[in-house]
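Presented below is the structure to which this report refers.
There are 4 protein chains.
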Amino acid sequence: MYEIGVGVVGLGRIGKIHAEIFAYKVENARLVAVMDIVENLAKNVAEKFKAKWYNDYQKLLSDPEIDAVAIVTPTFLHKEMIVQAAEAGKHIFVEKPLTVTVDEAQTALQAVRKAGVKMQVGYMRRFDYAYKNAKKKIEKGEIGKPLVFVGIARDPGAPPGWAAEPSKSGGIFLDMLSHDFDMARWLMSAEVKEVYVQGGAYLYDEIKRKGDLDVVTINFRFDNGAIGLIHGSRKSVFGYDLRTEVMGTEGTLYIGTLQDHMFAHGRGDGLVYGGVQWFWKRFYDAYVEEDQSFINAVKKDEEPLVAGIDGLRAVEIAEACWKSYREKKPVEIPLG
Amino acid sequence: MYEIGVGVVGLGRIGKIHAEIFAYKVENARLVAVMDIVENLAKNVAEKFKAKWYNDYQKLLSDPEIDAVAIVTPTFLHKEMIVQAAEAGKHIFVEKPLTVTVDEAQTALQAVRKAGVKMQVGYMRRFDYAYKNAKKKIEKGEIGKPLVFVGIARDPGAPPGWAAEPSKSGGIFLDMLSHDFDMARWLMSAEVKEVYVQGGAYLYDEIKRKGDLDVVTINFRFDNGAIGLIHGSRKSVFGYDLRTEVMGTEGTLYIGTLQDHMFAHGRGDGLVYGGVQWFWKRFYDAYVEEDQSFINAVKKDEEPLVAGIDGLRAVEIAEACWKSYREKKPVEIPLG
Amino acid sequence: MYEIGVGVVGLGRIGKIHAEIFAYKVENARLVAVMDIVENLAKNVAEKFKAKWYNDYQKLLSDPEIDAVAIVTPTFLHKEMIVQAAEAGKHIFVEKPLTVTVDEAQTALQAVRKAGVKMQVGYMRRFDYAYKNAKKKIEKGEIGKPLVFVGIARDPGAPPGWAAEPSKSGGIFLDMLSHDFDMARWLMSAEVKEVYVQGGAYLYDEIKRKGDLDVVTINFRFDNGAIGLIHGSRKSVFGYDLRTEVMGTEGTLYIGTLQDHMFAHGRGDGLVYGGVQWFWKRFYDAYVEEDQSFINAVKKDEEPLVAGIDGLRAVEIAEACWKSYREKKPVEIPLG
Amino acid sequence: MYEIGVGVVGLGRIGKIHAEIFAYKVENARLVAVMDIVENLAKNVAEKFKAKWYNDYQKLLSDPEIDAVAIVTPTFLHKEMIVQAAEAGKHIFVEKPLTVTVDEAQTALQAVRKAGVKMQVGYMRRFDYAYKNAKKKIEKGEIGKPLVFVGIARDPGAPPGWAAEPSKSGGIFLDMLSHDFDMARWLMSAEVKEVYVQGGAYLYDEIKRKGDLDVVTINFRFDNGAIGLIHGSRKSVFGYDLRTEVMGTEGTLYIGTLQDHMFAHGRGDGLVYGGVQWFWKRFYDAYVEEDQSFINAVKKDEEPLVAGIDGLRAVEIAEACWKSYREKKPVEIPLG
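Residue numbers (the working numbering), protein chains in the order written: chain G, 1214 to 1549; chain B, 1214 to 1549; chain R, 1214 to 1549; chain C, 1214 to 1549.
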């Protein structure tokens, strides 16, 4: 049985998750190697998952056992790594977002097209059971015609490291809210056509200093006339507050919950629940399905379910949001 | 249009609720008079609801405008007041429980039968929308055959005044849990046949000193083979914790909720909800329907929906519980 | 003890609620008369609450027993009735919204000021326990500095009768969402400075034909830099879906709940809860407090808690929303 | 770094979970071999986890690389396998329940003691975050003195295969509810001293035919005077309904939830939630911690956290429940 050989590039928190998944959880795949510029990290992860290690991307790309790469590096490195992987004839899984800018995204897509390799972008919510359930119900017509998308996303805290640099991460719209853009497009089966943004750097001095925003609201319209709201915040004191709603003519779907209902403490001041803290656990199965889906697409020579165009669209919306914020006016998205 | 003239006897917290309801909320009824041995209380309530007042039960019974009395006095006074009202030819609404003992209950029932008046016992949960919804679903077969009744009832605190005297109130089984006995019989359409009790006075010294219990569990069997559990506590630090479940062969019904879901505070230590504090508000509409139902039964000359026999059964179960607790063994209920 | 004599004008669903409340529930007030142009309606309500009746507003205003009027008529009648009541020296409670247009509102305010009477506008959520709890926590600093207001309001169905005519009701922004505007201003202690609207008539042909909208989203900014989102829909198939959130630097408050947690049916297809259907019951206590607060303000010669300026501000925001919708651009509110 | 070599015996659903966990998730452990009498199953699992395979228990016990066995076979095989493993000097993890009878349990414990090996029993709820949170809060005194334990456990359906034979599984009390017995003892830090049972075979003909029960209630008392209720059912049409409560003098802890709050569908008939279907997923992390804890105990030469005596106690309670059911009376547990 032929297995796809995978190399995981970038071994931060999510990189390690992908490495584990390709190592043990995905059928028809084999974790061949991992790579990180921090040599010790690469060694340790390689040992844990019984794989080879590299501290150099070129060397990994030269490894003939590797059929596909999973690029889990900082966003600002994606474009160049995609281009090189494509030129090396490797299929590509790239963590979201695709690239920092629309220009970079187009360069990346062109390289992928030219090389004839597959590329999937890591919007893993598409593989989450709750979002999939919503999608299925919408497609079956169980809420009639979808009219309104509402996305509320409050992260527990500010992004660390490079993700705090908007020039490297794309800032709040791309780094954080592009998940919601992807859900909006996917669940509504429509393109975001116009956005209008309010927001600011209210919470963290560092975010302000670096030119990013930490609280935003977005009012938008789809190309089919449906409408939507997205609100993002880089702070939620009790843990992730991530909710999505789709209202249709005949019903409404609600995804997400404020608290962990599994445990409550009845005290003198009321009933106390913990927040939904475990982001990675919440979506772990989605990561597994995502990676499996990528391998399936490669194996069957099919377009991945979250394709390059999906990655591009999310970057376009994020750029339009920045423009709306800066120019204080609604901004149309060309949808070229 | 003929209206039933009502006299409300006993103007504690619930007495005042019944007075208000008969004054304004019930069709075909008129609040004629209120009575309390505390004269000022009687006067004030009478003025508020534009009714006559008495501080003497006999005088109220002699009032020819009064067709029916609502007895909302301490339990240990019920038997005698029922007998006198029956002898005076008045229809009777009596707050739960019917009487303190089975003997008293039988005396009361006999007097009522002899006089040919109507008597309704104040198990108001039968008129609550949620319990009625459960009853309706069970009757429609929506949970198949009902197999298990679970009742959990935790009051915020110890009963005040006379209700703290088991010789006057019947103690925890009668004063508090007879609501659950009534729900068990009504929802399951069966009689409680055997009970086994565990419990003690764990929480309050005064309850212990007076010979009552404050935490109990009851394991019981119905005469049709179904089974049940009831747990009562005289303390719930965040407010009323009142829940009822009926499991059937094809589904389960859940009544009650721990918290007020209308307001949550997301703080550093989690999501905090207030308890369901407003006992009277929760059941206010049930009290209205209950009183209306009583008036309807009088008006139409029909047996009230919560009849004397229902009151008797609850007292029988409570007595059996006390016996089981004292003798430390399962006790059968004769169901004579 | 001096009581304020009240006349309730307009006996639709909410008019009857106010009549009942002034009749029985409010201290220092007395329901003197009710008025409706439908004579039989006026008679029946008057009989029920033991009050006088009129079918002519002028006659009611001439009644010397009446100190204050509660105007619960269609919005497009408010301005003229306020002016006449003010000229007659009557204090005024007027149901929300204050008037259809900003011009009308200013005329009304001027008349009130000139006459030196009190006027309160019926935004009853300010008196609801959950919203009050939010306000109190915000004032105590329990969520830090408030940054974001989110209001989601989905009504079960289209408005009936005159409220379906935007020229009479002000349309969705004024008739329905002005509650949310009032909450936004009150909870955030700030003025709405700019709005941007998306929306349309997606659900009902009649709404489209009459020039109103049935689904809208509003993105807005306060004058202190805080931001907000409001989404309204004239359809929610399972009942009222009314939720409000205030996110601050140190916590988030959540008001509202999707379902009635008091009853659940566990079936083969899952756990099924009913919606929160009872809008009037939900806010009944708020109506009582609102009317009491109005009487208190009159009695103590104080400015009512929801003053004319609050009514005006809500109309201003609604007009700005219409302008934004029509001109497809963000609209500033002058806050003159 | 020395690793404990583990052999997993019995490769049903849970056996495979333990194999995976020992293979990838546990530190200081190494999955050496798996064994099942179904040779193909053993081979496939071995291949997946890169381990040796056996279809003969004796051969596995002879493997010198194996330091410890995880016995995940049908309950009626446990006693003999424990004895043999002990005699072979292997440390033992045995899935719950320990054995079918108290006699067997004592034989097993004796063998373990004699051999001086470690034995842990698989009550994995002790390692679940929610139950651990409860335990921690109780130990910190956050609910005062614990007074009442309530356990409700409704499985989605009847047990398959050998577990349907009470002579092989111990029936509902041992096979299913011994989890609750273990939680009762652990959370209350007390021994169950007396039980009284009601119940029957209401749901499934096969269960009736085989002499097992499918719906039971248990009323019990601890040796420290605290009390409790446990209710078990072999049917819950919407999925696992597993809830635990501990009420103390100063607060109450609630563990478990009816539904998956992550997704709701607002339809014309209400809000519909799916049940908590994923039993294995719910407790997956608990299995991991359990296995890690076993390895730690072996490594550090310490008594495992769920020791042989805990296994024995659960079997004793289950036997007492059967006796109470058969003799229709309360049964004391000797606690020898």
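Think of the CB as a built atom: it goes at the ideal place given N, C-alpha and C, for glycine as much as any other residue.
These numbers were taken from a predicted model, which means no experiment stands behind them.
Name the chain R residues that come within less than 8 Å of residue i, Cβ to Cβ?
i, result
"LYS1350 of chain B", "HIS1478"
At 8 Å on the CB atoms, spell out the chain C contacts of residue i, in chain order.
i, result
"SER1449 of chain R", "GLY1479"
"THR1462 of chain B", "TYR1415, LEU1416 and LYS1448"
When the distance is taken between beta carbons, is residue j closer than 8 Å to residue i?
i, j, result
"MET1195 of chain G", "TRP1266 of chain G", "With chain G running from 1214 to 1549 in the structure shown, residue 1195 of chain G is simply not present."
"GLN1297 of chain R", "LEU1274 of chain R", "yes"
"GLY1335 of chain B", "VAL1307 of chain B", "yes"
"LEU1442 of chain G", "THR1430 of chain R", "yes"
"MET1460 of chain R", "VAL1313 of chain R", "no"
"LEU1466 of chain G", "ALA1376 of chain G", "no"
"VAL1450 of chain R", "GLY1464 of chain G", "yes"
"PHE1386 of chain C", "GLU1407 of chain C", "no"
"GLU1317 of chain C", "LEU1548 of chain C", "no"
Taking the straight line between their C-alpha atoms, what separation do you get for residue i and residue j?
i, j, result
"ALA1533 of chain R", "TYR1453 of chain R", "26 Å"
"ILE1305 of chain C", "MET1332 of chain C", "5 Å"
"TYR1497 of chain B", "GLY1228 of chain B", "13 Å"
"GLY1384 of chain C", "TYR1342 of chain C", "28 Å"
"THR1320 of chain G", "ALA1301 of chain G", "16 Å"
"LYS1448 of chain B", "PRO1372 of chain C", "38 Å"
"ALA1527 of chain R", "LEU1390 of chain R", "9 Å"
"ARG1226 of chain G", "LEU1484 of chain B", "27 Å"
"ILE1279 of chain B", "PHE1507 of chain B", "15 Å"
"ARG1326 of chain C", "MET1475 of chain B", "56 Å"
"ARG1495 of chain R", "ALA1366 of chain R", "15 Å"
"ASP1504 of chain C", "ALA1232 of chain C", "10 Å"
"THR1288 of chain R", "LYS1309 of chain R", "8 Å"
"LYS1421 of chain G", "ALA1414 of chain G", "5 Å"
"LEU1400 of chain R", "GLY1438 of chain R", "14 Å"
Going by DSSP, name the residue or residues bridged to residue i.
i, result
"PRO1359 of chain G", "G:GLY1461"
"GLY1483 of chain G", "G:ARG1480"
"ILE1431 of chain C", "C:VAL1410 and C:ILE1443"
"TYR1453 of chain C", "C:VAL1489"
"ARG1243 of chain G", "G:GLY1218"
"TYR1417 of chain R", "None; TYR1417 of chain R has no bridge partner."
Find the residues of chain G that neighbour residue i, judging by a C-beta separation of less than 8 Å, and give them in chain order.
i, result
"LEU1466 of chain C", "PHE1476, ALA1477, HIS1478 and GLY1479"
What residues of chain R sit near residue i, judged by a beta carbon separation below 7 Å?
i, result
"GLY1470 of chain B", "The identity of residue 1470 of chain B in the sequence shown is Thr, whereas the question assumes Gly. Those within 7 Å of THR1470 of chain B in chain R are HIS1474 and MET1475."
"ALA1343 of chain B", "MET1475 and PHE1476"
Going along chain B, which residues have a C-beta under 9 Å from residue i?
i, result
"GLY1438 of chain C", "GLY1413 and TYR1415"
For a contact meaning CB atoms closer than 8 Å, what does residue i contact in chain B?
i, result
"PRO1543 of chain C", "TYR1409, LYS1541, LYS1542 and PRO1543"
"VAL1361 of chain C", "VAL1428, THR1430, HIS1444 and SER1446"
"GLY1218 of chain C", "Those within 8 Å of GLY1218 of chain C in chain B number zero; the least Cβ separation is about 42 Å."
For a contact meaning CB atoms closer than 7 Å, what does residue i contact in chain B?
i, result
"TYR1486 of chain G", "GLY1483 and LEU1484"
"ASN1346 of chain R", "PHE1476"
Give me the chain C residues within the contact set of residue i, using Cβ-Cβ distance strictly less than 7 Å, ordered along the chain.
i, result
"TYR1237 of chain G", "TYR1237"
"LEU1244 of chain B", "Going along chain C, no residue has its Cβ under 7 Å from LEU1244 of chain B, so there is no contact; the nearest lies around 38 Å."
"ARG1434 of chain B", "GLN1411"
Under 9 Å between beta-carbons, which chain C residues line up against residue i? List them in chain order, please.
i, result
"GLY1383 of chain B", "Result: empty, since nearest Cβ-Cβ is about 21 Å, beyond 9 Å."
Check: Relative to chain E, which residues along the region 1299 to 1323 of chain C have a C-beta separation below 8 Å, given in chain order?
Finding: The structure shown contains no chain E; its protein chains are G, B, R and C.
Check: If you scan the region 1245 to 1324 of chain G from start to end, which runs of the beta strand (DSSP E) of 3 or more residues do you find wholly inside it?
Finding: 1265 to 1267, 1281 to 1284 and 1304 to 1308
Next item on the list: Could you name each continuous beta strand (DSSP E) segment of 3 residues or more that falls completely within the region 1318 to 1403 of chain G, going from the start of the chain to the end?
Entry: Segments of the beta strand (DSSP E) lying fully in the region 1318 to 1403 of chain G: 1332 to 1335 and 1359 to 1367.
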